[in-house]
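Position one of the sequence shown corresponds to residue 361 (this note's numbering), numbered consecutively onward.
I have placed the structure first, in the form of structure tokens, so that the comments after it can refer back to it.
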Amino acid sequence: MKLFIRILGVTAAIVVALVVVVGAILLSRPAGFDVIPGGRLSGEDITGPVTDWSFIQQHPIVTLEVRPSDPYSVNTSCFLHEGVPYVRSSPRFPLLQLRQLVWGSGESHWALLLLQDPNMRLKVGDEIYTVRATRVENPKLVREIYENQVRRHTGSTLTPEEIERIWFFRIDSR
């Protein structure tokens, strides 16, 4: 009987550990509900280049559709810096090591997909824009964007090392 209780206890501990690990993996994935990413976006396709992105300020949350060959869409924040739209992907620092283990990077999965193909669609409200995302790699510009947009609006205070890990993507019309 003692052996049975011991086996049952070990089995329960393993199940709990698996639930915690799987839950952490799912919660660390970028998604509309922070669990499951969507697919192809639906809405009104807007053709032609956009020269004035000021309307984005009325929509703090937008939806990105990356990987055109197999659409993968996520909700994220978008903001203007000097009139240009940017989205941010930063590792969730408590889950950084787990994300590195799962994806080989602490970055959001959608950000890694954008590095492979920068063409994407951006849904703002009910309208969808065909755009291109370019990662900001200039450390000075990354710090400037962080200070002027993220820290000012969210109160977030990160160390210089954490700021260096943030990936900003500039959004341009195609």
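Glycine included, every Cβ here is placed at the ideal spot set by N, Cα and C.
**Message:** Please report the straight-line C-alpha distance between Val370 and Ala471, rounded to a whole angstrom.
**Reply:** 39 Å
**Asked** Where do the N-terminal and C-terminal ends of the beta strand (DSSP E) with Leu482 fall, by residue?
**Response** Asn479 to Val484
**Prompt:** Thinking C-alpha only, which one of Ile523, Val376 and Arg495 is nearest Pro445?
**Reply:** Nearest C-alpha to Pro445: Arg495.
**Message:** Using C-beta distances below 7 Å, list every residue in its chain close to Ser433, excluding the 5 sequence neighbours before and after it, in chain order.
**Reply:** Pro397, Gly398, Gly399, Leu401, Thr423, Leu424 and Glu425
**Asked** For the 8 Å Cβ check, are there 3 or more pairs between the region 500-509 and the region 408-421?
**Response** no
**Message:** Going by the DSSP bridge assignment, what does Ser433 pair with across the sheet?
**Reply:** Gly398 and Glu425
**Message:** Helix, strand or coil, according to DSSP, for Val496 in the structure here?
**Reply:** coil
**Prompt:** So Lys483 packs on Gly403, CB below 8 Å; how close in whole Å?
**Reply:** 6 Å
**Asked** Considering only C-alpha positions, which residue in the set Ile365, Arg525 and Leu368 is nearest to Arg448?
**Response** Arg525
**Item:** Whole-angstrom distance between Glu507 and Tyr489, CA atom to CA atom
**Value:** Linking Tyr489 to Glu507 through their CA atoms gives a straight-line distance of about 28 Å.
**Item:** Whole-angstrom distance between Asp405 and Glu487, CA atom to CA atom
**Value:** 6 Å
**Buried or exposed (CB count within 10 angstroms, at least 16 for buried), Ile367** = exposed
**Message:** Here's the rule I'm using: 16 or more other beta-carbon atoms within 10 Å means buried, otherwise exposed. How should Ser535 be labelled?
**Reply:** Examination of residue 535 is not possible in this model, given that the chain is present from 361 through 534 alone.
**Asked** Looking at the structure shown, is Pro390 part of a helix, part of a strand, or coil, going by DSSP?
**Response** The pLDDT assigned to Pro390 is 35, lower than 50, so where the model puts this residue is not dependable; a value taken from the coordinates is nonetheless given after this. DSSP places Pro390 in coil when its eight states are reduced to three.
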